[in-house]
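Residue numbers (this note's numbering): 115 to 372.
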């Protein structure tokens with residue numbers, strides 16, 4: 115992800131994290147400082163630099179081409195699909211946490227929008243679904259957060275959220291029930307689609323952090339922790355693949371740097 119003076123990357127690293135957290139987390143207040151457990155910081159910074167390089171050489175140019183060639187309606191359809199694909203995980207995790215109303219909303223969203231594999235949002239205007247993942251479920255069961263880590267390509271995690279990500283990955287409806295070449299192709303493309311979609315929607319804001327932040331690693335770490343806290347406190351609607359407006363993304367990092 116980076117060059118000594120410029121931070122080359124909100125890569126799958128910043129994106130995947132930020133996709134996993136920031137995307138839905140723009141509503142989380144950023145004025146509270148958080149305590150972090152980062153015993154592997156030296157190694158994490160090296161992985162962060164690698165992720166930044168991936169962004170500079172792969173994700174950033176692809177996202178630039180994507181937003182310049184794919185019309186708004188096409189990009190919106192991709193975001194809708196990514197949101198739809200997260201609904202089974204949200205429904206199951208809401209149930210495990212005793213949030214039955216949210217589980218019902220997520221199930222309804224998944225069933226109705228399943229008519230289009232989520233590419234068209236047929237529930238637009240209905241009550242918002244609060245994003246829930248297995249990492250949040252583990253937190254509700256008082257499982258310790260564990261150490262902060264920077265995962266190659268995937269980006270920021272804690273021990274607890276990484277374990278949760280594995281379970282959520284297995285809940286993808288296309289992975290569990292999908293058959294046929296077309297469905298399997300869509301399934302395989304979801305990860306890259308999510309990274310490119312998020313990167314394109316927040317292109318300028320991410321580049322500002324990437325190239326201008328004094329310590330991109332520390333800022334990303336702090337934002338990640340506070341974003342996860344927003345999820346735990348049910349201040350986040352939507353899904354990991356949903357977009358964040360540039361104004362929201364800018365304000366998220368500006369407040370963090372104050």
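Note that CB positions come from ideal geometry on N, CA and C, so glycine has one too.
- No Cβ-Cβ contact shorter than 9 Å links residue 251 with residue 304.
- The three-state reading of DSSP puts residue 269 in strand, counting E and B together.
- Relative to the Cα of residue 329, the nearest Cα in the group 285, 234, 166 belongs to 166.
- Per the coordinates, the alpha-carbon of residue 341 lies some 31 Å from the alpha-carbon of residue 299.
- Remark: C-beta atoms of residue 295 and residue 233 do not approach each other more closely than 9 Å.
- Residue pairing for residue 262: DSSP places it in a beta bridge opposite 272.
- Taken through DSSP and simplified to helix, strand or coil, residue 307 comes out as helix.
- In this structure, DSSP gives residue 160 a helical state, which the three-state scheme calls helix.
- For residue 175, the uninterrupted alpha helix (DSSP H) run begins and ends at 174 to 183, by DSSP.
- Distances from the alpha-carbon of residue 247 to those of 276, 225, 203 put 203 closest.
- With contact defined as three or more Cβ pairs closer than 8 Å, the region 167 to 181 and the region 312 to 324 are in contact.
- A distance below 8 Å between beta-carbons, with the five flanking residues on each side excluded, links residue 209 to the following residues of its chain, in chain order: 217.
- Here residue 207 has 246, 247, 248, 250, 251 as same chain residues with Cβ atoms under 7 Å from its own Cβ, once five neighbours each way along the sequence are excluded.
- Cα atoms of residue 240 and residue 280: separation of roughly 30 Å, rounded to the nearest angstrom.
- Setting aside the 5 residues that flank it on each side, residue 180 is surrounded in the same chain by 310, 314, each with a C-beta closer than 7 Å to its C-beta; the list follows chain order.
- Cβ contact annotation for residue 253 (same chain, cutoff 6 Å, sequence separation greater than five): 346, in chain order.
- In this structure, residue 152 places its C-beta atom within 9 Å of the C-beta atom of residue 261.
- Taken atom to atom, the span from the alpha-carbon of residue 268 to that of residue 157 is near 15 Å.
- In the structure shown, residue 167 adopts helical secondary structure according to DSSP, grouped into three states.
- Inter-residue distance for residue 286 and residue 197 is about 11 Å (C-alpha atoms, whole angstroms).
- Contact between residue 335 and residue 327 fails: their C-beta atoms lie close to 12 Å from each other, not under 8 Å.
- Between the alpha carbons of residue 215 and residue 160 lies a distance of about 43 Å.
- Annotation: the continuous alpha helix (DSSP H) that includes residue 186 extends over 186 to 199.
- Taken through DSSP and simplified to helix, strand or coil, residue 233 comes out as coil.
- Looking from the CA of residue 258, the closest CA among 213, 244, 277, 236 belongs to 277.
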